[in-house]
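Enquirer:
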Amino acid sequence: MADLDKSYSEVSLNRYKKLLVTTMVFTYLLIVVGGIVRVTGSGLGCPDWPTCFGKWIPPMRADAIIEYIHRLVATLTSPLILASAFIGWWKYRKVKLIKNTLLWAMFLLGVQGLLGGVVVLLETPPDLVAVHMGNALVILGLIILAGMTVDKLITNPQEQPRIAFKADFEKLALWTMIMIFVVLVTGAYTAGSGSTFACSGWPLCNGRLIPTHILGWIHMFHRLLVAITSVWVIRLYLQARKNGDLSKGLNTTILWFVILYLSQAAVGGLKVSLQFPVWLMGTHVALAAAVWFAIVLIASQLGLKSGEGK
């Protein structure tokens, strides 16, 4: 067993947990606002970076304001991530899962800033838009894992937390998380490539099962991934109901995860049928980020163990 610091009091751990929860919320909001930038086509609302049309105050037009809000939320979120990583390294450096996880989050934050600038300067190429989204999801996932690790330490401060997915149900949760990640990244690519508007109507694409152009294929491929992932989500829910060892809190989180995922899929179909109203597109993005938040919570809670393991 690793020799953990005896000064890891419940009070200090709870304070750190509050910081991490705040960081999670701001990171979630950043992903949502970034998604709204993407689906509203506001990525070039400010054509230069870090200024907007050469000024620090954006012009009074919707796309510029949306993009500038995105940058402001990023400016608020970045110090929270840096503070979380610094405290993790300084005070909890013996807890490898906290220190290493948050140092990676800090590194990826730097990558995210560079990607954001490049995406703007290169006029939002879809592949970089997808990478930008994927990187943001990983950052949020790492912060959630760190927060759950702190929660584990509160209940057992003398044991080195570790993460391992050994039981079948734990592996199912891990694979479901991976599938959700792929769905969200391909969704970002779909929006970034302009394929969101390639198919009117749902479940068909312009009244056809087989699209007639590449943008339609991209759109329908995303729908196919959503359908495949739905099977994993339902499997997770059914297995959770059969598993008598899960806590009430975890069962509740799984239930909300399923509700959020099905709601997101329904909103995705509805926005196509209603010809892409902006408010529904924004709701779709917010639900997508909430789905990711929930599945990372589930996977972290299942994978986290106390002690060194064998």
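Going by this note's numbering, the sequence shown opens with residue 290, and the numbers climb by one from there. For glycine and all other residues, C-beta sits at the position ideal for the given N, C-alpha and C.
Within the continuous beta strand (DSSP E) that includes Arg327, where are the two ends?
Expert: Your numbering for residue 327 matches position 38 in the sequence shown. No beta strand (DSSP E) holds Arg327; the alpha helix (DSSP H) holding it covers Glu299 to Val328.
Enquirer: On the three-state DSSP scale, how would you describe Pro450?
Expert: Translated into positions along the sequence shown, residue 450 becomes position 161. Residue state, collapsed to three classes: strand.
Enquirer: Name the DSSP beta bridge partners of Lys594, please?
Expert: As a working mapping, residue 594 is identified with position 305 in the sequence shown. Lys594 is bridged to Arg451.
Enquirer: Quick one: give me the first and last residue of the alpha helix (DSSP H) that Trp379 is part of.
Expert: Within the sequence shown, residue 379 is the residue found at index 90, counting from 1. In the DSSP annotation of this structure, the continuous segment of the alpha helix (DSSP H) that includes Trp379 starts and ends at Ala351 to Lys380.
Enquirer: How long is the line joining the alpha carbons of Tyr478 and Trp379, rounded to whole angstroms?
Expert: Taking the sequence shown and counting its residues from 1, one reaches residue 478 at position 189. Taking the sequence shown and counting its residues from 1, one reaches residue 379 at position 90. Taking the straight line joining both Cα atoms gives about 38 Å.
Enquirer: Taking DSSP's pairing of strands, which residues face Lys344 in a bridge?
Expert: Position 55 of the sequence shown, counted from the start, is the residue given in the question as residue 344. Beta-bridge pairing by DSSP links Lys344 to Cys341.
Enquirer: Which term fits Met349, buried or exposed, when burial requires 16 or more other beta carbons within 10 angstroms of its beta carbon?
Expert: Position 60 of the sequence shown, counted from the start, is the residue given in the question as residue 349. Classification of Met349: exposed, given that the 10 Å Cβ count is below 16.
Enquirer: Give the list of continuous beta strand (DSSP E) stretches no shorter than 3 residues that lie fully inside the segment 521–547.
Expert: none
Enquirer: Hey, would you say Leu514 sits closer than 8 Å to Thr465, going by beta carbons?
Expert: Your numbering for residue 514 matches position 225 in the sequence shown. Your numbering for residue 465 matches position 176 in the sequence shown. Going by C-beta atoms, Leu514 is not nearer than 8 Å to Thr465.
Enquirer: Which one of Gly406, Ala374 and Gly405 has the shortest CA to CA distance from Phe396?
Expert: Here residue 396 corresponds to residue number 107 of the sequence shown, with the count starting at 1. Residue Ala374 is the option with its Cα nearest to Phe396.
Enquirer: Determine, using beta carbons only, whether Ser592 and Glu448 come nearer to each other than 8 Å.
Expert: For the purposes of this step, residue 592 is identified with residue 303 of the sequence shown, where counting begins at 1. For the purposes of this step, residue 448 is identified with residue 159 of the sequence shown, where counting begins at 1. The sequence given here has Gly at residue 592, not Ser. Going by C-beta atoms, Gly592 is not nearer than 8 Å to Glu448.
Enquirer: Compare the Cα-Cα distances from Ala353 to each of Leu559, Ile499 and Gly323 and report the closest residue.
Expert: Numbered from its first residue, the sequence shown carries residue 353 at position 64. Ala353 has its Cα closest to that of Gly323, out of Leu559, Ile499 and Gly323.
Enquirer: Could you name the residues that DSSP lists as bridge partners for Cys335?
Expert: For the purposes of this step, residue 335 is taken as the residue at position 46 of the sequence shown. According to DSSP, which records beta bridges pairwise, Cys335 is partnered with nothing at all.
Enquirer: Take Ile452 and list the residues in its own chain whose beta-carbon comes closer than 6 Å to its own, dropping the five residues that flank it on each side.
Expert: Residue mapping note: residue 452 aligns to position 163 of the sequence shown, counting from 1. Cβ contact annotation for Ile452 (same chain, cutoff 6 Å, sequence separation greater than five): Gly592 and Leu593, in chain order.
Enquirer: I need the straight-line Cα distance from Thr329 to Leu463, nearest angstrom please.
Expert: One-based indexing of the sequence shown puts residue 329 at position 40. One-based indexing of the sequence shown puts residue 463 at position 174. Each residue's alpha carbon lies about 32 Å from the other.
Enquirer: What does the alpha-carbon distance come out to for the pair Gln528 and Leu551?
Expert: Within the sequence shown, the letter at position 239 stands for residue 528. Within the sequence shown, the letter at position 262 stands for residue 551. For Gln528 and Leu551, the distance between alpha carbons rounds to 17 Å.
Enquirer: Using CA atoms only, rank isn't needed, just tell me which of Arg360, Pro415, Gln590 and Glu299 is closest to Leu318.
Expert: For the purposes of this step, residue 318 is taken as residue 29 along the sequence shown, with counting starting at 1. When only C-alpha atoms are compared, the closest one is Arg360.
Enquirer: To the nearest angstrom, report how far apart Val300 and Met313 are at their CA atoms.
Expert: On the sequence shown, residue 300 is found 11 positions in, with the first residue counted as 1. On the sequence shown, residue 313 is found 24 positions in, with the first residue counted as 1. If I take the Cα positions, the gap works out to 20 Å.
Enquirer: With distance defined between alpha-carbon atoms, name the residue in Ile358, Ile584, Leu473 and Lys344 nearest to Ala425.
Expert: Counting from 1 along the sequence shown, the entry for residue 425 is found at position 136. Looking at the Cα atoms, Leu473 is the closest of the given residues.
Enquirer: In terms of residue numbering, what span does the alpha helix (DSSP H) encompassing Gln401 cover?
Expert: Here residue 401 refers to the residue found at position 112 of the sequence shown. Lys385 to Leu410 is the extent of the alpha helix (DSSP H) around Gln401.
Enquirer: Locate the alpha helix (DSSP H) running through Ile432, then write down its first and last residues.
Expert: Your numbering for residue 432 matches position 143 in the sequence shown. Unbroken alpha helix (DSSP H) run through Ile432: Pro415 to Thr444.
Enquirer: Given a cut-off of 8 Å, decide if Gln564 and Ser489 are closer than it, judged by their beta-carbon atoms.
Expert: For the purposes of this step, residue 489 is taken as residue 200 along the sequence shown, with counting starting at 1. For the purposes of this step, residue 564 is taken as residue 275 along the sequence shown, with counting starting at 1. It is a contact, given that the beta carbons lie within the stated cut-off.
Enquirer: How far does the alpha helix (DSSP H) with Ile467 in it extend, from its first residue to its last?
Expert: Along the sequence shown, one-based indexing puts residue 467 at 178. Note, Ile467: alpha helix (DSSP H), Asp457 to Gly481.
Enquirer: Work out the CA separation of Met509 and Pro500 for me, nearest whole Å.
Expert: Here residue 500 refers to the residue found at position 211 of the sequence shown. Here residue 509 refers to the residue found at position 220 of the sequence shown. Their Cα atoms are separated by approximately 8 Å.
Enquirer: Less than 8 Å between the beta carbons of Leu404 and Leu417, yes or no?
Expert: Here residue 404 refers to the residue found at position 115 of the sequence shown. Here residue 417 refers to the residue found at position 128 of the sequence shown. In contact: Leu404 and Leu417 (Cβ atoms closer than 8 Å).
Enquirer: Could you say which of Ile523, Leu559 and Ser589 lies nearest to Leu539 if we only look at CA atoms?
Expert: For the purposes of this step, residue 539 is taken as residue 250 along the sequence shown, with counting starting at 1. Here the closest residue by C-alpha is Ser589.
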